[in-house]
Amino acid sequence: MSWLHTAVLLPFIFALIIPIVYRFIKRIHIGWFVLPVPVVLFIYFLSYISTTMSGDHRFAELKWMPQIGMNFNLYVDGLSLLFSLLITGIGALVTFYSISYLSKNEQLGNFYCYLLLFMGAMLGVVLSDNVFMLYLFWEMTSFSSFLLISFWRTRQASLYGAQKSLLITVFGGLSLLGGLILMTLSGHSTSIRHLIAHASEIQSSPTFILAMILILFGAMTKSAQFPFYIWLPDAMEAPTPVSAYLHSATMVKAGIYLVARFTPIFALSEGWIWTVTAIGLITLFWGSLNATKQLDLKGILAFSTVSQLGMVMAMLGIGAVSYHYQGAQSQFYAAAFIAATFHLINHATFKCALFMVAGIIDHETGTRDVRKLGGLMTVMPISFTITVITALSMAGVPPFNGFLSKESFIEAMINVTHSHLFSLNTLGVLIPIVAIVGSVFTFVYSVRFIGQIFWGSYKPEKLPHKPHEPSFMMWIAPAFLAVLVIVFGLFPAILTKPIIDPASRAISNAHIPHAEFHLFHGFTPAFFATLFIYAAGIALIFTYHKWVKVIESIPERLELNYLYDRSGRYMPFYSKKVTRTYMSGFIRNKLMVILGSLIALTLITLLCMPFSLNFDHVSRLRTTEIIIVIMILASAFMIVFARSRLFSIIMLSAVGYSMAIFFIFFNAPDLALTQFVVETISTALFLLCFYHLPNLNRYNESKSFKVGNALIAAGVGIVVTVLGLIAYGNKHFESIASYYKENVHSLAHGNNMVNVILVDFRGTDTLFESSVLGIAGLGVYTLIKLRSKHKNGYERVEENEQTEK
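By UniProt numbering, the letter at position 211 of the sequence shown is numbered 211, and the numbering carries on one by one without gaps.
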């Protein structure tokens, strides 16, 4: 195992240790023991900068399940390093912030366990070179984020938000799995590097479009793109450190990473360019528009995250145009990749700081409702300064870093209209228009975010707590991020060569020149578009109360949340209705459904697929075998026509004992002995439970009841017999029996073939079967204990009632 594997597994190891340590440490905040994990990982990943700057990469291989191509292979290039630094760097600041934000009265052991699980899963997603490992970590992010969002599980809103995020992202995860499987089949590999290197094989595959659609579904659900964004605002019910981490550097960035990573494979498709760009711009516009009408601070930031993610997604779509050109033209359009990677960093800095500020306001005033806030500039000057810097960066105002990437975004949207591909020079005129309109509303909600908290009239009577600045520990993390916002805005060269250039090269097929960002590029179309954004934004701010009523008047039935809630309300109702048709309390009804499905599916398969019956190698029946078959048939018929359950149980055991005799004549005395033991125990258990069986009179059963039983029984018998004959007559592979005969003694050092197969050759199967039995036993024991407690509780209640009487 390499150091790279250790880095990915380190959060998981600490996630197991922290809850145990937490039980023995009460005086010190457990966050101090968690903080070194992201700090050490961030420092470790910094050591790879020199490698990626030189255009090289690091690969670490660890074979896990090579038979199915699922190996724990990790790969560090410019793109994965960028995300790794964001995950660990922001993770360290969020952990530090949470130490002062979360009280010791909270279940901190659980919180930091979930946080570390999430951190490790995200590192696994961005560093995996194996598609199946990527999917495994992808689903782990959904699961761990569900635990984080529902951390305050006593709140109904937290459970609702966690459930919504899990349902939507897991749906996208299943779609992603289908796309990855199609890619591996057409690319003949599970290695992401190999698939990218042999992209032409995937592009010529008939499943190329389907794989692209499925992967985009997975990316859009995770990164909250329209129309799947609805889970993100409800995830705000998580503690503020969780919101800051999920929205700035981790959960929502996973879909962005997926699109960026697989761009070299799908960029040649017109559908990829238009879909990624259009969905990104729609998400940008819709998210920024909805952010302007929110009344909750975290709600504003949630929709702003949706908006910013759409912006990055659109840049990745525009950058894919570069794959259709060569030379200078390719570099011209590949500049969108540079802008996208730069904005990923910028968004992480200002958005994480803004969430922390929102948490500070909530922590110190007791509310996040903007209608109760205002006039806090003089009361909380440090928080005001941090908010101004980071919010204006989000608005795209110089000299902050958000302005540089926003300017590059507008420039990329305008430049794409010069392309003569895919109607981009005609219909593509809408691209810069939508981008500019979305940016106008971004400016509006960013500036209003500052004003609603710190400007206006002070309303102390509406605040649950007397506002004041937080402790030094709480504002140091957002203050540090605010400093980065300024530094990256004034000196972007700090990031360009070591981080942005290698990340952009990993996405693009062109030789991207050294990225350069300037506060003033001259009087370009992007410059005038930025001036228009400021002017229109200021005008909309002063006329806010006039036009916001139009947005607020949108009927609830037209919102996607309404559709989700309606489906969530009616789906359980109809599912219960369907379930009750076969879950009636009678095992017979359940068996009818299961066995009827078996008969129907098998017959359909046999009718659709050619098969043949071959009796050439069937051995002759001996007299003893005919007698045993007659005994089995006679016992089975007697079960059907028996007049008492006791006689039915005896006849059922007679069938089992007759089968044991078969084993004796086939020279398998050990199997016969096992069958005898099983039948004896089963018969004893049946007789033991005989007294407790429900009092049902079988002779009052209708004819249709008996006919249904007969048809199902006959159908299952025929189907199983036909399947057995087909399997016997259509052997396409050599029997594995010869392998066991040759190796049972030399490899397992045993003479009893059956025992050796069960214990050695198929030991894992036997282990899991034993585990299932153990789990079932624990479940039965738990139910019995709960039932006894339930009974005792009722008895105590009755005694209390009698005492009161």
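Every residue gets a Cβ at the ideal spot worked out from N, C-alpha and C, and that includes glycine.
Q | Assumed close pair Leu595, Val707 - CB separation to whole angstroms, cut-off 8 Å | A | Going by Cβ atoms, the distance from Leu595 to Val707 rounds to 15 Å, so no, they are not a contact pair.
Q: Find the nearest neighbour of Leu519 within the set Val397, Pro525, Phe42, judged by alpha-carbon distance.
A: Val397
Q) What are the start and end residues of the beta strand (DSSP E) that includes Leu74? A) 74-76
**Q.** Helix, strand or coil at Met609 according to DSSP, with G and I counted as helix
**A.** coil
Q: Look at the Cβ atom of Ile30, then the Cβ atom of Val21, and state whether they are nearer than 9 Å.
A: yes
Q) Between Ile414 and Pro525, is the Cβ-Cβ spacing less than 9 Å? A) yes
Q. DSSP three-state call for Asn130: helix, strand or coil?
A. strand
Q: Assign Lys785 to buried or exposed, taking buried as 16 or more other Cβ atoms, counted over all protein chains shown, within 10 Å of its Cβ.
A: exposed
Q. To the nearest whole angstrom, what separates the beta carbons of Asp240 and Phe355, a pair I think is in contact under 8 Å?
A. Correcting the residue identity first, residue 240 is Thr in this sequence and not Asp. Rounded, the Cβ-Cβ distance is 6 Å, consistent with contact.
Q.
My parser needs the beta strand (DSSP E) runs of 3 or more residues fully inside the stretch 337-409; what are they?
A. none
Q. With 16 as the cutoff for other CB atoms within 10 Å, does Cys608 come out buried or exposed?
A. exposed
Q.
Which of the three DSSP states is assigned to Asp765 in this structure?
A. helix
Q: For Met251, name the three-state secondary structure that DSSP assigns.
A: coil
Q.
To the nearest angstrom, how far is the alpha carbon of Ile265 from that of Ala506?
A. 12 Å
Q) Residue range of the alpha helix (DSSP H) that Phe422 falls in? A) Counting along the chain, Phe422 falls outside any alpha helix (DSSP H), and DSSP gives it neither H nor E.
Q: Using three-state DSSP, classify Ala60 as helix, strand or coil.
A: strand
Q: Go ahead and pull the three-state DSSP assignment for Met583.
A: coil
Q. Do you know how far the Cα of Thr390 is from the Cα of Gly299?
A. 17 Å
Q. Excluding the five sequence neighbours on either side, which residues of its own chain have a C-beta within less than 7 Å of the C-beta of Ala336, listed in chain order?
A. Met315, Ile318, Gly319, Ala412
(Q) Please report the straight-line C-alpha distance between Ala358 and Asn105, rounded to a whole angstrom. (A) 22 Å
Q. Tell me, which residues are paired with Ser84 by DSSP?
A. Beta-bridge pairing links Ser84 to no other residue.
Q: For Arg261, count neighbouring C-beta atoms within 10 Å of its own C-beta (all shown protein chains included) and say buried if the count is 16 or more, exposed if not.
A: buried
Q: Give me whichever residues DSSP pairs with Asp296 in a beta bridge.
A: Asp369
Q | Met1, DSSP secondary structure in three states | A | coil
(Q) So if DSSP puts Ser191 in a beta bridge, which residue, or which two residues, is it bridged to? (A) Asn130
(Q) Please report the distance separating the alpha-carbon of Ser150 from that of Leu116. (A) 16 Å
Q. Ordered along the chain, which non-local residues of its own chain (more than five positions away) have a Cβ less than 6 Å from that of Asp760?
A. Ala748
Q) What are the boundary residues of the alpha helix (DSSP H) that Thr283 is part of? A) 270-291
Q | Contact set for Gly255: own chain, Cβ-Cβ below 6 Å, skip 5 residues either direction | A | Ala219, Lys222, Ser223
Q: Could you tell me whether the stretch 186-198 touches the stretch 128-141, where touching means 3 or more Cβ pairs closer than 8 Å?
A: yes
Q. Could you give the distance in angstroms between the alpha-carbon of residue 806 and the alpha-carbon of Tyr323?
A. Summary: the structure shown does not reach residue 806, with the chain confined to residues 1 through 805, and so no result is reported for it.
Q. In whole angstroms, what separates the C-alpha of Ile554 from that of Met1?
A. 56 Å
Q) Leu711 to Ser597, Cα distance in whole Å? A) 13 Å
(Q) For Ile627, report the span of its alpha helix (DSSP H) as first-last. (A) 623-641
Q.
Let me confirm a value: Pro478 is counted as buried when at least 16 other C-beta atoms fall within 10 Å, else exposed. Which label applies?
A. buried
Q | Beta-bridge pairing of Met70 - partner residues as DSSP gives them | A | Met65
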